[in-house]
Amino acid sequence: MGVGTPVQNAHPLLQPQTLSQALTEIATNAAPTAIVELIRWLDSFHYEAELDVSDLARLVVALDEAAQPQLRQAAGLYLSNVFGSRSVRYKALGRDFHASLGRAYDLVLAGLASDFSIAPSDPLRTEVLLRTVRSAAGEMKWAAFDYQDLAPEVWRRAGVAYRTAHVTGGLNTPVNVREGRETRSTINREFVRLVAMHCASLDQLSPDRIEAADKLVRYLQHSLELSDQPASGSLFSVDLESLAPPRRCVSLPDDVPPAIRYFRPADAVPMLGELGNAMSEAGLDPVFAGLSAPSVSAAIRHLSRQWGPVPPMRQYRRHQVKGALALATGLGFIRSLISGEALLCPAAAWSLLDASRNGFGVASPVMDPAICRVGALVGAHVGETGRWVLALVRRVRFSDADGAAVGLQTVSNEPLPALFDDGSRSWSGILCDPVVRGRSVRVACEPGFMRSGGHVFAKLGARMVKLEPGKVLMSGPGYQIIGCNVA
């Protein structure tokens, strides 16, 4: 629809008073209510009225900006309830908002494509292209919270925006992205952020570390870039012709196609190291507000490993295997299953995919949120041997078509339930290693029960073993694994 074309059934947000009232309600309501209202307004552009493309762009941008503080609040609510029943609602709100925002930007881009009265270099086009890419980068985090890849149509939308800006020469044109603030960005920078998030292996991170990785990528944006020429080191490629997601380069090509761009994140690894050192000396930077220091430190280590000069390699070769197995969560339930005291056992609802010396991969047509979360401790019942092993969820991937695929790292092949006592109280736990005098053992128990310093006695049937608790080796929802010396 061209500029100046008469518009009938004008959209209510074209009235300044209505728009001001809507933005005020969005700003003052709690995040869930505000995001539902934002979705309603964004979807209304598809059916309530036809709009001049300039007006449509202005309204979509206004709603996009109004949503940002509410999305940050929703992410905080999700992270604080990540293992609770409300987490599903918060995740759905974030995903649904970005889906509606993407469709609204599709409308704007379609209008701009057919309106030749707006020049290719017009600031409106550049801003809409930037915000289209920016919304895709924002959606990446919410998709990762569900351990899903970014939808193909979102990748295509962002890729088309980047490609269009490249043709018109607007890739590095600064755009003010915060009204009343000197916050400027470029289409190139926002697209690099999207690529960096995809190349961060978010399927290996717990939700709090996904949030930390997102903030780290924002922190490093100025030092990340795309190049039309490959370089040595850890390298990823983006095909602007097929608009497929980035892929890791196994080897350098002899001939470089003109549509290929290369992402070399290894250049940012020294900055990650400096940031980690600064954190240990001066504490967290304000940019990571709302996150714990261990979450940020773990995300720094993860990105340093994924983006380092040498690509991460598997320690042991995997072998394809077949079979069914049961998985269980909850330390108390796992203890009862190992000891044989459980009245009910979970069904063998998972299929074995592969196995290696230190772990195995499993799959299911449905996603079990209790199991499909990185960092969860699970008991796995291997049907052929009839025994339970203790394992840690290291990777989760999910798609509607293929279901859930989970990578498990074996913690103990022979876990043994035990009763522990420090003289003032007693509690149950699981020994992960055989007890040998003078050697160390790992103990899995609920957080806060076993403290370093002093001694703890473990009762193994009629046998009592004296332990000296040390450091927490790993922890997650509802458990800690502590290293102990056998006295």
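When the letters of the sequence shown are read in order and numbered with this note's numbering, they come out as residues 6 to 492.
Don't be surprised by glycine CBs; every beta carbon is placed ideally from N, CA and C.
As assigned by DSSP and simplified to three states, the class of Ala80: Note: Ala80 maps to helix in three-state DSSP.
Rounded separation between Gly7 and Ser122 - CA only: Here Gly7 scores only 48 on pLDDT, less than 50, and its place in the model should not be relied on; the value that follows carries that caveat. Near 7 Å, if we compare the C-alpha coordinates of Ser122 and Gly7.
Cβ neighbours of Thr178 in the same chain (closer than 7 Å, five flanking residues each side left out): In the same chain as Thr178, and ignoring 5 residues on each side of it, the C-beta atoms closer than 7 Å to its own belong to Thr131 and Thr191, in chain order.
Alpha carbon of Leu465 to alpha carbon of Gly443, nearest angstrom: Between the C-alpha atoms of Leu465 and Gly443 there is a straight-line separation of about 17 Å.
C-beta contact flag for Gln22 and Phe403 at 8 Å: The answer is no: Cβ separation not under 8 Å.
Length of the line joining the Cα atoms of Leu240 and Tyr267: Whole-angstrom Cα-Cα distance: 7 Å.
Rounded separation between Asp359 and Val159 - CA only: A direct Cα-Cα distance of roughly 32 Å separates Asp359 from Val159.
Inter-residue Cα distance where the pair is Ser431 and Trp312: Taking the straight line joining both Cα atoms gives about 45 Å.
DSSP-derived helix/strand/coil call for Met469: In the three-state reduction of the DSSP assignment, Met469 falls in the strand class.
Cβ-based burial, Leu114 [other Cβ within 10 Å; buried from 16]: Classification for Leu114: buried.
For Pro422 and Arg306, believed in contact at Cβ under 8 Å, the rounded distance: In fact, because the Cβ distance is near 32 Å, the residues do not count as touching under 8 Å.
Environment of Ala353 [buried if 16+ CB atoms lie within 10 Å]: So Ala353 counts as exposed.
Where Pro262 falls, given that 16 or more other Cβ within 10 Å makes a residue buried: Of the other Cβ atoms in all chains shown, fewer than 16 fall within 10 Å of the Cβ of Pro262; this residue is therefore exposed.
Separation of Val491 from Gly475, as counted between CA atoms: Their backbone Cα atoms lie some 11 Å apart in a straight line.
Cα-Cα separation between Ser369 and Val416, rounded to whole angstroms: Each residue's Cα considered, the two are about 22 Å apart.
Where the beta strand (DSSP E) containing Arg447 begins and where it ends: Ser445 to Cys450 is the extent of the beta strand (DSSP E) around Arg447.
Alpha-carbon spacing of Pro11 relative to Val243, whole angstroms: Here the model assigns Pro11 a pLDDT of 48, short of 50, so the residue's position is not dependable, and the following value carries that caveat. Computed Cα separation, rounded: 42 Å.
Backbone secondary structure at Tyr267 - three-state DSSP: Note: Tyr267 maps to strand in three-state DSSP.
Integer-rounded CB distance, given that Leu289 should sit under 8 Å from Ala298: About 6 Å separates the beta carbons of Ala298 and Leu289, which is inside the 8 Å limit, making them a contact pair.
For Gly434, three-class secondary structure by DSSP: In the three-state reduction of the DSSP assignment, Gly434 falls in the strand class.
Reference Leu129, options Ala35, Gln26, Asp233 and Val180, closest by Cα: When each option's Cα is compared against that of Leu129, the closest is Val180.
Three-state class that DSSP yields for Asp213 in the structure shown: In the structure shown, Asp213 sits in a helix (DSSP, three-state: H, G or I).
Per-residue burial, Gly9 [other beta carbons within 10 Å of its own, 16 or more giving buried]: Interpretation of Gly9 is limited by its pLDDT of 46, a score under 50 that renders its predicted location unreliable; the figure taken from the coordinates is listed afterwards. Flag for Gly9 reads exposed.
For Ala396 and Leu413, believed in contact at Cβ under 8 Å, the rounded distance: About 4 Å; that satisfies the 8 Å criterion.
Residue span of the beta strand (DSSP E) that contains Gly488, given as start and end: Per DSSP, Gly488 belongs to the beta strand (DSSP E) from Tyr484 to Val491.
Whether Pro351 touches Ala375 by CB criterion (8 Å): No; because the gap between Cβ atoms is not below 8 Å, this pair is not in contact.
Three-pair Cβ contact test at 8 Å for the region 97-113 versus the region 138-147: Flag = yes, the region 97-113 and the region 138-147 touch.
Nearest-angstrom Cβ-Cβ length linking Val138 and Phe88, presumed shorter than 8 Å: The beta carbons of Val138 and Phe88 sit about 33 Å from each other, so the pair does not count as a contact at 8 Å.
Identity of the residue in Glu473, Ala124 and Gly453 nearest Ala170 by Cα: Closest option to Ala170, Cα to Cα, is Ala124.
First through last residue of the beta strand (DSSP E) which encompasses His203: Not the beta strand (DSSP E): His203 falls in the alpha helix (DSSP H), residues Ile192 to His203.
Integer Cβ distance of Val65 from Ala109, believed to fall under 8 Å: Contact flag correct, Cβ pair sits at about 5 Å.
Three-state secondary structure assigned by DSSP to Asn418: It is coil, neither helix nor strand.
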